[in-house]
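FYI, the working numbering numbers position 199 of the sequence shown as 736, with every residue one higher than the one before it.
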Amino acid sequence: MNGRQSGGTIATPVVSLVIPVHNGVDFVTKSADEARRFLEKKFPSFEIIIVDDGSTDGTTAALGPLLDDRVRLISLPENLGKFAAIKAGMAVANGECRVFTDADLPYDLEAVPYIVNLINGRAFDIVVGDRALPESVSLTNARVARKLSSRIFSYCVRMLVTGGLFDSQCGIKGFRNEVADALFPLVTDESFSGDVELLYIALKHNLSIRRIPVRLQRASPSTVRLRFHSLPMLARILRLRHNWNSGRYESVTLSRIASQAYWPVPRCDTPTDAP
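Structure below.
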């Protein structure tokens, strides 16, 4: 997936924050500035990667003055879908920990250092926000119909795919760098059910996943209408098992990561008994 990259690069930041956006000219500069000021207080090094998913409202131009060695921009040539934008950002991220969240920052950014600590400090492979946890807080009032359809869809996903992971669609997730590098290229669905496929692959590879509570500060306007999109999403989900059985999700790296968690062995890049 080719995109135009603007801004500088920095070496091995502690965290990369990937923010996909489509037609966000009204709020994206505020989000970028808020994220930068927050991360400056929390980390000695970081990068923010904003991925413009084919916006037509001047989003790219609006972001221009904010770009530097810590705020980078990827511009996709057309609207390819939210998860396509996330994949594009993850593909160029350099951080030890990679986190993605929604463009209007609906989740309290305090989740980011929590995620980084769990991944960099305690060696979890993936950390996911979960609005279903009792400690999670919502300061918004979603419509009853949206809540109900979301819960029904989440129940179906949980039964078919994710088991104990209740909230596959929460818009903040973090990944260890080598996990992200191996995991995201395997995701084939670049639209609204990419999160489910991502978690399915992670679970099948037995990666360590930690759920955390989140604080939902504002409700993001959703382009997904579950009453119209649920059947196509479920159809994609039902194809996941076929993809796994056909070898589509094979990964030597992910298999090694999972096996080392249970059977740690000393790393040896060259045989010591070679002739």
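Just so it is clear, CB atoms sit at the ideal spot from N, CA and C, and this is done for glycine as well.
Exercise for the section: Leaving out five residues on either side along the sequence, give the residues of the same chain with a beta carbon under 8 Å from the beta carbon of residue 572. Expected result: Cβ within range, chain order: 554, 556, 585, 642 and 646.
Handout entry: Helix, strand or coil at residue 617 [DSSP, three-state]
Key = coil
Practice task
Could you pull the start and end residues of the beta strand (DSSP E) that residue 724 belongs to?
Solution key: First-last for residue 724: undefined, no H or E at that position.
Exercise for the section: Flag residue 706 as yes when its Cβ comes closer than 7 Å to any non-hydrogen atom of the ligand FMN, and as no otherwise. Expected result: Only the bare structure without any ligand can be found here, which leaves the ligand FMN out of the picture.
Exercise for the section: Could you tell me the distance, in whole angstroms, from the CA atom of residue 676 to the CA atom of residue 710? Expected result: 20 Å
Exercise for the section: Grab the span of the beta strand (DSSP E) containing residue 638 for me, first residue to last. Expected result: 634-638
Practice task
Return the chain-ordered ranges of every alpha helix (DSSP H) run that is complete within the stretch 734-790 and spans a minimum of 4 residues.
Solution key: 763-775 and 777-782
Practice task
Determine, using beta carbons only, whether residue 552 and residue 575 come nearer to each other than 8 Å.
Solution key: no
Problem - Sub-8 Å separation of residue 610 and residue 570 beta-carbons - result: Contact flag unset, no.
Problem - Beta-carbon proximity check, residue 565 vs residue 669, cutoff 8 Å - result: no
Exercise for the section: With residue 573 as the anchor, note down where its beta strand (DSSP E) starts and where it stops. Expected result: Residue 573 -> not in any beta strand (DSSP E); alpha helix (DSSP H) instead, spanning 565-579.
Exercise for the section: Taking 8 Å as the threshold, find out whether the stretch 721-736 comes into contact with the stretch 772-781 through three or more Cβ pairs. Expected result: yes
Exercise for the section: Give the DSSP-derived three-state secondary structure of residue 589 in the structure shown. Expected result: strand
Exercise for the section: Measure how close the beta-carbons of residue 663 and residue 746 come, nearest whole angstrom, since I'm counting them as under 8 Å. Expected result: Correct: roughly 5 Å between the Cβ atoms.
Exercise for the section: May I have the straight-line CA-CA distance separating residue 794 from residue 784, to the nearest angstrom? Expected result: 18 Å
Practice task
Taking the CB atoms as reference points, tell me whether residue 631 and residue 559 lie closer together than 8 Å.
Solution key: Cβ atoms of residue 631 and residue 559: not closer than 8 Å.
Handout entry: Cα-Cα separation, residue 671 to residue 658
Key = 25 Å
Practice task
Count the other C-beta atoms from every protein chain shown that fall within 10 angstroms of the C-beta of residue 619, then say buried if there are 16 or more, exposed otherwise.
Solution key: buried
Problem - Backbone CA spacing between residue 624 and residue 726 [nearest angstrom] - result: 11 Å
Problem - For residue 713: DSSP bridge partner residues - result: 634
Problem - Presumed contact (8 Å Cβ cut-off) between residue 713 and residue 634, rounded CB distance - result: 7 Å
Problem - Outcome for residue 649 when other beta-carbon atoms lying within 10 angstroms are tallied against a minimum of 16 - result: buried
Handout entry: Contact set for residue 562: own chain, Cβ-Cβ below 6 Å, skip 5 residues either direction
Key = 594, 595, 596 and 599
Exercise for the section: Flag this pair as yes or no: are the beta carbons of residue 636 and residue 652 separated by less than 8 Å? Expected result: The answer is yes: Cβ separation under 8 Å.
Exercise for the section: Could you tell me the distance, in whole angstroms, from the CA atom of residue 788 to the CA atom of residue 744? Expected result: 12 Å
Problem - Contact belief for residue 666 with residue 751 at Cβ below 8 Å, rounded distance in angstroms - result: At roughly 4 Å, the Cβ-Cβ gap stays under 8 Å, so residue 666 and residue 751 are in contact.
Handout entry: Short Cβ contact (8 Å threshold) for residue 716 with residue 705
Key = no
Practice task
Kindly list the residues whose CB is nearer than 8 Å to the CB of residue 724, restricted to its own chain and excluding five residues on each side of it in sequence; keep chain order.
Solution key: 620, 624, 731, 734, 735 and 738
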